[in-house]
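First to last, the protein sequences are chains R and D. In terms of this note's numbering, the first sequence opens at residue 59 and continues consecutively. In terms of this note's numbering, the second sequence opens at residue 4 and continues consecutively. Idealized CB from N, CA, C, for every residue including glycine. Okay, so here's the structure we're looking at.
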Amino acid sequence: MTDRKKSLLGGVLGDNIVLSGLMVISPVIICGDTLKNAEALIYAFSAITFLSVLISSFVPKKLPYTAKVIIYALISALVYIPVKLAAREFYPESIERIGIYYPLLAVNSLIVFQTEAKFFRMKKGDMIISLLSCIVGFDIVMLLTGFTRELFAYGTINSRIVDVNTLIGGLSQPFGGFIFLGLMCGAYRFIRGLVSRNSNNDVRSDADVSDK
Amino acid sequence: MFLINDLIALLAANLILSQALGTSTIFIAAGSRKNLIGTACVITVFTTIGAAAAYLIDLLIQPSIADLRLLFYTIVIGILYVALLASVYRFANKWFEELRRYIHVSAFNCAVMGTLFTINSRAAMDGTMFDLGGYVSAGLEAGIGFIIAALILTAAYKRLNSSKVPASFRGFPAMLVYLGIISMAVYSLK
């Protein structure tokens, strides 16, 4: 795979936004305990992020950084309204369960910070491919988390009871989400290290304020 | 005894440890103690003043247009963002370059927005909290909770990044597991 392809499709596996960038992790930790929640979050995240970044790409680049960040957040908050209205039709139960994490998807760092740091430095076509790969990366992690946590916490898959000998109730709790995501993150790095033999594991947002 | 009770209540209501709000931000700033404390303090300013503004918005917004709440909160945080940058530029110009990094990272994130939505949902459930004082103290409490979580993370930061931790788990994965264990302890206090 060429470097260009790697950079465009990296969001799916190579530089996954959740497992590598640790972005948008709150909904994964708290709400990613069932497949139904995962589906509702995937729908909301994908729709809000894709539309917001796409619309935000038309904001003049000459504006000051602060103004642009505020405009991106406002666009995202506007996109959230029709997405939420549609979600009430498709996922009425999950909306209740997800609660405050639904609007929080609209202020995720992929929209507010990565737009400036990554997407808007690319050509439109490349930006869309890269954005879609980042969204798919989140969707895969969300599905995997929802499936595994539901299976081992409740002994069900998509609300259907399955035969599981060992149930770990704590997996449905926030602390279970933290620990599960930490372990998943470590396993992801291990596999990525084996595949790429690349020791540089830390891919962070350009919004990093670390003074190291 | 009262102090211990207050501390337990503060930990149990901690938005990072109980609701994972602002976890990404705390990891972004985890590079150094100075960054963590700086970011936590700026977030406290945002949550406290933002909560006061959120009270006014919640007073005005009717349930039929509740979906517009995010838009209004975003406008408020945007105004606060600009006001804070302008204030620092005007009154603390010497530290502007340093402080503005914290302001940029703290303005739009789950910690601040999540706090406003959490206060709103708590107030909807408990009518006695629905006053300006209740909102502001909840905002301040959330900010202090963030500072406490930042201190807890700082205490173990070096060890979680040491060479003794397997390379795959070094840094963020170990920090997530660590926060999970602390969160488990806090969960037992509820």
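- For R/T203, no Cβ of chain D is located within less than 8 Å of the residue's own Cβ.
- Note that the region 223 to 234 of chain R does not touch the region 101 to 114 of chain R; fewer than 3 beta-carbon pairs, one per stretch, sit closer than 8 Å.
- Chain-ordered, the chain D residues with CB closer than 7 Å to the CB of R/L239 read L179.
- Listed in chain order, the non-local C-beta contacts of R/S84 below 7 Å within the same chain comprise Y159 and L162, local neighbours out to five positions each way being set aside.
- For secondary structure counted as the alpha helix (DSSP H) over 4 or more consecutive residues, the region 47 to 114 of chain D holds these complete runs in sequence order: 72 to 94 and 99 to 110.
- Using a CB distance cut-off of 8 Å, D/L102 does not count as an interface residue toward chain R.
- The way I'd put it, the region 222 to 230 of chain R doesn't touch the region 155 to 163 of chain D; fewer than three beta-carbon pairs between them come closer than 8 Å.
- Look at R/M200: its C-beta is not under 8 Å from any C-beta on chain D.
- Looking at D/R104, D/T118 and D/R103, the one whose alpha-carbon comes closest to that of R/V165 is D/T118.
- Residue state for R/T92 is assigned as coil, using DSSP reduced to three classes.
- R/V111 and R/I193 have their C-alpha atoms some 11 Å from each other.
- Here the C-alpha atom of D/A89 lies approximately 44 Å from the C-alpha atom of R/T92.
- Residue environment analysis places R/I88 among the buried positions, since at least 16 neighbouring C-beta atoms fall within 10 angstroms of its C-beta.
- Cβ proximity to chain D below 7 Å picks out T124, V127, I128, A131, L132, A135, L136, Y138 and I139 from the region 123 to 141 of chain R.
- The beta carbon of D/F111 falls within 8 Å of a beta carbon belonging to chain R, placing the residue at that interface.
- Under the Cβ distance rule, R/V165 counts among the residues neighbouring chain D, one pair being separated by less than 8 Å.
- Distance check between D/I150 and each of D/E101, D/L87 and D/T50 places D/T50 closest, using alpha-carbon atoms only.
- The beta carbon of R/I219 sits closer than 7 Å to those of G213, all from its chain and outside the five residues before and after it, given in chain order.
- DSSP, reduced to helix, strand and coil, places R/T214 within a strand of the structure shown.
- In this structure R/S191 is in contact with R/G69, their Cβ atoms being roughly 4 Å apart against a cut-off of 8 Å.
- Uninterrupted beta strand (DSSP E) stretches at least 3 residues long and entirely within the region 184 to 256 of chain R do not occur.
- When the Cα atoms are used, R/L71 and R/E174 turn out to be separated by approximately 22 Å.
- Interface flag for D/T157 against chain R is unset, since no Cβ pair is found closer than 8 Å.
- Between the C-alpha atoms of R/G251 and D/A170 there is a straight-line separation of about 10 Å.
- For D/Q22, the nearest beta carbon of chain R is closer than 8 Å to its own beta carbon.
- Identification of chain D residues near R/P118 by a Cβ-Cβ cut-off of 9 Å yields none; the smallest Cβ-Cβ distance measures about 17 Å.
- Under the three-state reduction of DSSP, R/P122 is assigned to coil, being neither helix nor strand.
- Here R/F177 carries a helix assignment [DSSP, helix/strand/coil].
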